[in-house]
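Visitor:
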Amino acid sequence: MKTRIREILKSTGKLPVDVATLADEADLYNAGLTSFGTVELMMALEEAFEVEFPDNMMNRRNFASVAAIENAIRTIQSEHV
Amino acid sequence: MTTLARLAEAGYQLTAEAPGASAEAQKAMIAKARKIAKLAAEHAGDVDARSRFPHEAFEALKRERLLGIMIPAAHGGEEASHATIAEICSVLAQACASTGMIYAMHQIKASSLVVHCNDDPWHASFMARIAREQLLLASATTEGGGVGGDLRSSICGVVREGDDFTLDKEGCLISYGAQADAILITSRRTPEAPPSDQVMSVLTKDQYTLERSAAWDTMGMRGTCSDNFTFSGRAPAEQIIPVSFAEIAAQSMLPNAHLLWASVWYGIAAEAVARAEGFVRSEARKRPGSTPPSALRLAELLARLQQFKALVVAGLDRYERARGDADELSSMGFVVAMNSIKVVASQSVGEIVMQAFLICGIQGYRNDSPASLARLMRDALSAPIMINNDRILGNTSNLLAVYKHDPSLSR
Numbered sequence: 001m002k003t004r005i006r007e008i009l010k011s012t013g014k015l016p017v018d019v020a021t022l023a024d025e026a027d028l029y030n031a032g033l034t035s036f037g038t039v040e041l042m043m044a045l046e047e048a049f050e051v052e053f054p055d056n057m058m059n060r061r062n063f064a065s066v067a068a069i070e071n072a073i074r075t076i077q078s079e080h081v
Numbered sequence: 001m002t003t004l005a006r007l008a009e010a011g012y013q014l015t016a017e018a019p020g021a022s023a024e025a026q027k028a029m030i031a032k033a034r035k036i037a038k039l040a041a042e043h044a045g046d047v048d049a050r051s052r053f054p055h056e057a058f059e060a061l062k063r064e065r066l067l068g069i070m071i072p073a074a075h076g077g078e079e080a081s082h083a084t085i086a087e088i089c090s091v092l093a094q095a096c097a098s099t100g101m102i103y104a105m106h107q108i109k110a111s112s113l114v115v116h117c118n119d120d121p122w123h124a125s126f127m128a129r130i131a132r133e134q135l136l137l138a139s140a141t142t143e144g145g146g147v148g149g150d151l152r153s154s155i156c157g158v159v160r161e162g163d164d165f166t167l168d169k170e171g172c173l174i175s176y177g178a179q180a181d182a183i184l185i186t187s188r189r190t191p192e193a194p195p196s197d198q199v200m201s202v203l204t205k206d207q208y209t210l211e212r213s214a215a216w217d218t219m220g221m222r223g224t225c226s227d228n229f230t231f232s233g234r235a236p237a238e239q240i241i242p243v244s245f246a247e248i249a250a251q252s253m254l255p256n257a258h259l260l261w262a263s264v265w266y267g268i269a270a271e272a273v274a275r276a277e278g279f280v281r282s283e284a285r286k287r288p289g290s291t292p293p294s295a296l297r298l299a300e301l302l303a304r305l306q307q308f309k310a311l312v313v314a315g316l317d318r319y320e321r322a323r324g325d326a327d328e329l330s331s332m333g334f335v336v337a338m339n340s341i342k343v344v345a346s347q348s349v350g351e352i353v354m355q356a357f358l359i360c361g362i363q364g365y366r367n368d369s370p371a372s373l374a375r376l377m378r379d380a381l382s383a384p385i386m387i388n389n390d391r392i393l394g395n396t397s398n399l400l401a402v403y404k405h406d407p408s409l410s411r
């Protein structure tokens, strides 16, 4: 899943740095992720993983790193089995 | 992380009793503000006519020690609640909107220190100074050269020189810049950094010079003295706030600015309604036994004011509950809620004053009657353009490709 998240991040996150250089736990906001970039990223993630982020998960922490995104998606998927 | 959140994480039971000033102490602060509001009301006409700083009210606010009340008790302040501070903004604005707005802007600056700087030695000691010396804080977040009111973009950058830094900013609008004791100013992290990679620094009056490039001569809010200046300062690098301005803008400025501005605007609206009530009462006394026709409009207006009050009170309540919860403060729902409060409150104030005109008629339109609404209307018209509502709605609209609102009616 992380590979897929990284691909999406690369194509939609508009990061000024190469996504491949970032560790799973690296802070994406420090790497230049903007709030508008976050929206684009969320849209692409919802589409790719066929999930919808509920209101209470749309916060900074859930999109702060590749690992955090994976964790958030897994949480949603486990709640909708 | 705030002290509260850290305590909660460490497993401490938080009691229902809020930390900070006691309820009686906060009532006493509001009572003091009411006395100062009487003084502000006496001078409001002159402040407006001459577009001058309301110095009588601010000397009194310093004397009564109401400038440091947001500062945590650990740093020598009173640690008043946001509800108390909002009430003081409204009480002052009922007498003189400029006084209320300056007080609100000062507290918005204080909030950035309170939220982000508790663990930073220089800023913690500066908070103690604010409380001790009752310093008035101003803000320099705008800039000339096309940046204008986009506070998330800077041209100038911090230049490091040994342990110090220098900062020169051109054409920035600084409300009461000439009267402030310290200025919180934004810039790029370095001159080479991108425009949005910003920091905020605190400089005290002895550390900068201001050269006025344009005077504040406006329709309303004339006492805020929001002149344009060229700022030139030098200070030790430890005075740069350690967290990024992106975080400050989102987590302390956004909620505090929108809620405290809304409180000021509520104060203007409440005063317009009070004048309309006075007018209806005097009409009723002239013809005992019959209800004046304007009373119907007043009944409608009271409902509108109640709606406005509910908006602000619910917003304050939401912020109080979100404090210390970084997830909630950074959530889309919270951002949308705060943006919406600003937009609705800034529209409501103008609409309410406008409706009060229908009640007061020519007495409201006159400058010299007790029911005059002229200054209130001019002050109210600043609200939708103080951070233009279109800019705010634009920011909200950027989120709507993914955002879903919470339909629940419970808190």
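Line order of the protein sequences matches chains A and B.
Numbered by the working numbering, the letters in the first sequence go through residues 1 to 81 in order.
Numbered by the working numbering, the letters in the second sequence go through residues 1 to 411 in order.
A virtual CB, placed ideally from N, CA and C, is assigned to each residue, including glycine.
#1: Examine chain B for any beta-carbon lying closer than 8 Å to the beta-carbon of methionine 58/A, and answer yes or no.
#2: Cutting at 7 Å between CB atoms, please list the residues of its own chain near leucine 376/B, excluding the five before and the five after it.
#3: Which partner residues does arginine 160/B have in the DSSP bridge list?
#4: Going along chain A in order, which residues have a C-beta closer than 7 Å to the C-beta of aspartate 406/B?
#5: With 8 Å as the threshold, decide whether the Cβ of glutamate 50/A is near any Cβ in chain B.
#6: Arginine 188/B to alanine 23/A, Cα distance in whole Å?
#7: Any beta-carbon of chain A closer than 8 Å to the one on tyrosine 403/B?
#8: So, is aspartate 206/B buried or exposed, given that buried needs 16 or more other C-beta atoms within 10 angstroms?
#9: Give every residue of the same chain whose Cβ lies closer than 6 Å to the Cβ of lysine 14/A, excluding the five residues on either side of it in the sequence, and list them in chain order.
#10: Listing by chain order, which chain B residues have their CB less than 9 Å from the CB of glutamate 46/A?
#11: Tell me the DSSP secondary structure of leucine 210/B in three-state form.
#12: Assuming valine 147/B and serine 153/B make a contact with CB atoms under 8 Å, what is their CB distance in whole Å?
#13: Quick check on the DSSP output: what are the complete alpha helix (DSSP H) runs of length 4 or more inside the stretch 67-105 of chain B, in order along the chain?
#14: Within its chain, find whatever has a CB closer than 6 Å to the CB of alanine 257/B; leave out the 5 residues flanking it on each side and keep chain order.
#15: Helix, strand or coil for serine 78/A? Go by DSSP, reduced to three states.
#16: Taking Cβ positions only, does serine 399/B come closer than 8 Å to chain A?
#17: Starting from the beta carbon of methionine 332/B, find every residue of chain A whose beta carbon is closer than 7 Å, and list them in chain order.
#18: Who are the neighbours of valine 39/A on chain B, taking C-beta pairs under 9 Å?
#19: Assign serine 410/B to one of two classes, buried (16 or more other C-beta atoms within 10 Å of its C-beta) or exposed (fewer than that).
#20: With DSSP run on the structure shown, which of helix, strand or coil describes alanine 337/B?
#21: Should the stretch 312-320 of chain B be regarded as contacting the stretch 355-373 of chain B, the criterion being three or more beta carbon pairs within less than 8 Å?
#22: So, for glycine 20/B: in the same chain, excluding its five sequence neighbours on each side, which residues have a beta-carbon less than 8 Å away from its beta-carbon?
#23: Kindly list, in the order they appear in chain B, the residues whose Cβ is closer than 9 Å to that of arginine 61/A.
#24: Let's see if you can read the secondary structure: which residues bound the alpha helix (DSSP H) around threonine 142/B?
#25: Verify the CB distance criterion: does methionine 1/A have a CB-CB separation below 8 Å to chain B?
#26: Please name the residue, chosen from Ala57/B, Ala33/B, Gln251/B, that lies closest to methionine 338/B on a Cα-to-Cα basis.
#27: If you run the structure through DSSP and keep just helix, strand and coil, what is isoleucine 36/B?
#28: Express the C-alpha separation of lysine 62/B and alanine 64/A in angstroms, rounding to a whole number.
#29: Flag this pair as yes or no: are the beta carbons of cysteine 96/B and glycine 223/B separated by less than 8 Å?
#30: When you compare each of Ile69/B, Lys38/B, Gly68/B to proline 54/B by their alpha carbons, which one comes out closest?
#31: Could you have a look at glycine 394/B and say whether DSSP puts it in helix, strand or coil?
Guide: Looking at the atomic coordinates:
#1: yes
#2: Around leucine 376/B: Ile268, Glu271, Ala272, Val353.
#3: Arginine 160/B pairs with Phe165/B.
#4: Asp55
#5: no
#6: 27 Å
#7: yes
#8: exposed
#9: Gly37
#10: Val402
#11: Secondary structure at leucine 210/B: strand, using DSSP grouped into helix, strand and coil.
#12: Taking the Cβ atoms as the reference, valine 147/B lies roughly 5 Å from serine 153/B, within the contact range of under 8 Å.
#13: 82-95
#14: Ile108
#15: helix
#16: The amino acid at residue 399/B is misidentified as serine; the sequence shows leucine. True, the Cβ-Cβ gap to chain A drops below 8 Å.
#17: Met58
#18: Met332, Asn398, Leu399, Leu400, Ala401, Val402, Tyr403
#19: Flag for serine 410/B reads exposed.
#20: helix
#21: no
#22: Pro72, Ala73, Glu78, Glu79, Ala80, Ser81, listed in sequence order.
#23: Taking a Cβ-Cβ cut-off of 9 Å, the neighbours of arginine 61/A in chain B comprise Ala326, Asp327, Ser330, given in sequence order.
#24: Counting along the chain, threonine 142/B falls outside any alpha helix (DSSP H), and DSSP gives it neither H nor E.
#25: no
#26: Minimum Cα distance to methionine 338/B is reached at Gln251/B.
#27: Of the three classes helix, strand and coil, the one that applies to isoleucine 36/B here is helix, per DSSP.
#28: 43 Å
#29: yes
#30: Selected option, being the one with the closest Cα: Lys38/B.
#31: Note: glycine 394/B maps to helix in three-state DSSP.
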